[in-house]
Amino acid sequence: MIPAGLNATEIARRVKSGEANASDIADATIERISALNPRINAFTEITETLARQAAGRVDARLDSGDDPGPLAGVPFAVKDLFDVAGIVTRNGSPIHAERDPAKRNATVVERLIGAGAIPVGVLNMEQYAYGFLTNNEHFGRTLNPHDLKRTPGGSSGGSAAAVAAGLVPLALGSDTNGSIRVPAAFCGIFGLKPTFGRLSRAGTVLFVSSLDHVGPFARSVADLAAAYDVMQGPDPVDPICLGLDPDPVSSRLEDGIEGLRIGIPGGYFSRLLDGPCRASVAAVSEALGAEMMELPDCMDAARGAAFVITSVEAMNERARDLRTRFPEFDSQVRYRFVAGSLIPGPWYAKAQQFRRWFTDQARQWFADFDVMVFPVAPFQAPEFGQSEADIDGAKVQIGLTLGRFVQPLALLGYPTAVVPIPSTTGPPTGVQLIGRPLEEDIVLRAAAHLERGGIAQSSVASSFMS
Amino acid sequence: MSDDHEQTAETRLDAYVREALRLNGLDLSEASVASTKVEFQRVQDIVEPLLRFDLPDRLDLAPVYRP
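Chains as they are written, first to last, in the working numbering: chain D, 9 to 474; chain A, 60 to 126.
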C-alpha cells in the first residue's frame, strides 16, 4: 500500500530499493485519482494505459539490473497544454479538443518519463491559460482541496489542486503572469518558475510567447529540485530554450543560506496585503534574515507593460479561431483576447522598451541581493463568485488586484520559488523567493532552509488524507 | 461641457472599437461590442501608468532578435 502523501523522492527511493514496484504505484495512483478527482475536478483525462506501460518499463529495467532513473515510479500529471503522445492537447478549449492527438511528448514530459516518472493524466486549466481562477466553462471549474468553495488559483489550477489533494506528488504547469505562482500559494504547495528559457517549451501550446515559462509543482523542495534537474538541458527545436547544459541543484539544497544576502522590498509590495498574507511574508523575511530595501516606484507601469504584452501576443496566437469560432471561447476569456486586438502598436513597443529598462533596473537590485522576498497574492484564495476582498477594512476588487504582485515581476523572467505558508485563519498562503537568472539553486536553497525550519510546510489537504 | 466631453470620449471609443474590430476581421454582435468596450476600458485603466511613465531615450525593445 502506498500512502497518499508520499513525496516523489521517497517513492523513487522505495522503487529503486525494491520496497515497492512502479506498477503497483501506478495502479494505486489511478485508483486514488478515480475515487477522489470527482471532488475537485483537477484531472480532465487519466492516462491509464500510458501509465501502466511506463511503469512496466521501469519495473523491467529494475528486474534487469538497470537504473530506471532518479524519478523511478513517480506518478506525475501535466497541465492540458503539454503534449502527451497519443493524447489530444486541449488547452482548456473545445476547439483544441477537436485536434489530432499529439504525435510526441513535449520535451519536458519526455525527460520526466526518461527519468523513470509515470504519466498518469492531464490536468484542468483556465481556458488558454488566460486567468487566475481555473473556472473553465467547458471542462468545469477545479476546486481547492483545502476548501472546496474556493478557487485553487490559475491558470494551472488543476496541477496545483492535484498535488495538494495527494493525487500525484508532482505536476507540471506554466506561468506567464503568475500561473504557477498563484495556484501554488492558494493550494499550499511548492512551485518553481525557472529562469525564462531554462526549460524547453517545445511541445507546449504557447499563450504569450515572450513571457511563457514551464515548471513543476510539488509538496517538497527536494521534489521540485529533482523534477527541475531532469528537465533541464538544451533543446534545438525550441528557439527560446537556452543552450545550456544541465546544472543540477538537488545536491545543493542542504547548503543553507549562510553568505546569502536577502532583501525584502517595501513600498508597492507592502501595500494592499491582507493580514494572513502579510504575516506570511513577515515570517519568511524573519527566518531568512531579510533586509528592508526600496525599489523604484514603477510597479504599476510594470504591471501595465505585462498586461499589454500579454494582451497582444495572446491575441496573435488565437486570432484565427476568434474570427471564426468566437462563441466557443469561454465568456470570461473571449473579451480579454478581443481587447488585445484593439491595443495600438505604440503601446506594445513602449511595453517592450519598459521591459528593457525594468530588467536593467533589476540587475542593479540583484547586484546587492541574492534573493528577494515578495508576496504572491494580496489575499488567500477567494471563493468562486466572490468579487471583493477585505484588506485592512477596505474592499478591493479581486479581479483587479489578484495579480498585482506577480504580474510586474513576470517581465523579468527571473527564477522564482513559491513557498507555502500555512495559515491559522483559512487556506494556505504563499511567498515568492526570486533570484538572479540561472540561480535556481540559490532560491531553492532558501526555500529548503524555510522548509527545514518549519516555516514553509506543505502536506496533503486534510480532507484528502485517507 | 463635462457631459459633452464624456459623450465625445464615448463616441470616439465606440468608433475606435468598431473600426479596430472590422480591421481585425471580428464580426461581433452589438452585445459583444459593448462587452469589448468594457474590457478595453479596463485595459486602458491598467495600462495608463505605463503610458505616463517616462523612459530614457535610445532604449531598445526587450526582445531584440539575434540571428
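Glycine included, C-beta positions come from ideal geometry on N, C-alpha and C.
Could you name the residues of chain A that residue i contacts, counting a contact when the two beta carbons are closer than 7 Å?
i                     : result
residue 444 (chain D) : Near residue 444 (chain D) there are no residues of chain A at all, since even the closest Cβ is about 18 Å away, more than 7 Å.
residue 360 (chain D) : 120, 121 and 122
residue 311 (chain D) : 105
residue 308 (chain D) : 108
residue 330 (chain D) : 85
residue 234 (chain D) : By Cβ distance, chain A contributes nothing, its closest Cβ being about 32 Å from residue 234 (chain D), past 7 Å.
residue 364 (chain D) : 118, 119, 120 and 121
residue 319 (chain D) : 102
Express the C-alpha separation of residue j and residue i in angstroms, rounding to a whole number.
i                     : j                     : result
residue 368 (chain D) : residue 281 (chain D) : 27 Å
residue 97 (chain A)  : residue 312 (chain D) : 17 Å
residue 228 (chain D) : residue 88 (chain D)  : 23 Å
residue 29 (chain D)  : residue 267 (chain D) : 42 Å
residue 253 (chain D) : residue 237 (chain D) : 11 Å
residue 293 (chain D) : residue 272 (chain D) : 7 Å
residue 75 (chain D)  : residue 24 (chain D)  : 8 Å
residue 285 (chain D) : residue 433 (chain D) : 11 Å
residue 100 (chain A) : residue 206 (chain D) : 36 Å
residue 528 (chain D) : residue 334 (chain D) : Only positions 9 to 474 of chain D appear in the structure, and residue 528 (chain D) is not among them; the question remains open.
residue 120 (chain D) : residue 239 (chain D) : 7 Å
residue 122 (chain D) : residue 414 (chain D) : 33 Å
residue 70 (chain D)  : residue 19 (chain D)  : 14 Å
residue 115 (chain D) : residue 105 (chain D) : 21 Å
residue 219 (chain D) : residue 377 (chain D) : 24 Å
residue 63 (chain D)  : residue 84 (chain D)  : 12 Å
residue 110 (chain A) : residue 349 (chain D) : 18 Å
residue 391 (chain D) : residue 73 (chain D)  : 51 Å
residue 56 (chain D)  : residue 130 (chain D) : 11 Å
residue 342 (chain D) : residue 411 (chain D) : 19 Å
residue 119 (chain A) : residue 82 (chain D)  : 45 Å
residue 328 (chain D) : residue 96 (chain D)  : 20 Å
residue 457 (chain D) : residue 375 (chain D) : 22 Å
In chain D, which residues lie less than 8 Å from residue i when you measure between Cβ atoms?
i                    : result
residue 95 (chain A) : 343, 346, 347 and 350
residue 98 (chain A) : 343, 344, 346 and 347
Using a Cβ cut-off of 8 Å, pull out every chain A residue sitting near residue i, in sequence order please.
i                     : result
residue 367 (chain D) : 121
residue 373 (chain D) : Going along chain A, no residue has its Cβ under 8 Å from residue 373 (chain D), so there is no contact; the nearest lies around 17 Å.
residue 334 (chain D) : 85, 87 and 91
residue 218 (chain D) : 121 and 122
residue 357 (chain D) : 120
Going by DSSP, which residues form a beta bridge with residue i?
i                     : result
residue 225 (chain D) : D:179 and D:199
residue 152 (chain D) : D:155
residue 379 (chain D) : D:270 and D:443
residue 212 (chain D) : D:90
For the ligand ATP, is there any heavy atom lying closer than 7 Å to the beta carbon of residue i?
i                     : result
residue 254 (chain D) : Questions concerning the ligand ATP fall outside what the structure shown contains, since it holds no ligand whatsoever.
Starting from residue i, find everything on chain A with Cβ-Cβ shorter than 9 Å and list it in chain order.
i                     : result
residue 315 (chain D) : 102, 105, 106 and 109
residue 6 (chain D)   : This structure does not reach residue 6 (chain D), given that chain D is present from 9 up to 474, and the question cannot be answered.
List the residues of chain D whose Cβ lies closer than 7 Å to the Cβ of residue i, in chain order.
i                    : result
residue 79 (chain A) : 349 and 350
Which complete alpha helix (DSSP H) runs does the stretch 313-345 of chain D hold, if anything under 4 residues is left out? Counting whole runs of 4 or more residues, the stretch 313-345 of chain D contains no alpha helix (DSSP H) stretch at all.
Which whole runs of the beta strand (DSSP E) in the stretch 82-150 of chain D are 3 residues long or more, in chain order? As far as the stretch 82-150 of chain D is concerned, its whole beta strand (DSSP E) runs of at least 3 residues are 83-87 and 126-131.
Just to confirm the assignment: which complete beta strand (DSSP E) runs, minimum length 3, are found wholly within the stretch 390-468 of chain D? The stretch 390-468 of chain D contains these whole beta strand (DSSP E) runs: 396-399, 402-405, 424-429 and 437-443.
What are the uninterrupted segments assigned as alpha helix (DSSP H) that are 4 or more residues long and contained completely in the stretch 280-313 of chain D, given in chain order? DSSP runs (the alpha helix (DSSP H)) wholly in the stretch 280-313 of chain D: 283-296.
Length-filtered (3 minimum) beta strand (DSSP E) runs lying within the stretch 29-85 of chain D: DSSP assignment within the stretch 29-85 of chain D yields the following whole beta strand (DSSP E) runs of 3 residues or more, N-terminal first: 51-54.
contact_flag[the stretch 314-324 of chain D, the stretch 71-82 of chain A] where n(CB pairs < 8 Å) is 3 or more: No, because fewer than three Cβ pairs between the stretch 314-324 of chain D and the stretch 71-82 of chain A fall closer than 8 Å, the two stretches do not touch.
Would you call the stretch 444-456 of chain D and the stretch 395-404 of chain D touching, i.e. three or more CB-CB distances under 8 Å? Two segments are said to touch when three or more pairs of C-beta atoms, one from each, lie closer than 8 Å; by this definition the stretch 444-456 of chain D does not touch the stretch 395-404 of chain D.
Between the stretch 427-446 of chain D and the stretch 462-469 of chain D, do three or more beta carbon pairs fall short of 8 Å? With the rule of 3 Cβ pairs closer than 8 Å, the stretch 427-446 of chain D counts as touching the stretch 462-469 of chain D.
With a cut-off of 8 Å, do at least 3 Cβ pairs link the stretch 182-190 of chain D to the stretch 41-59 of chain D? Touching, no, given that fewer than three Cβ pairs across the two stretches are closer than 8 Å.
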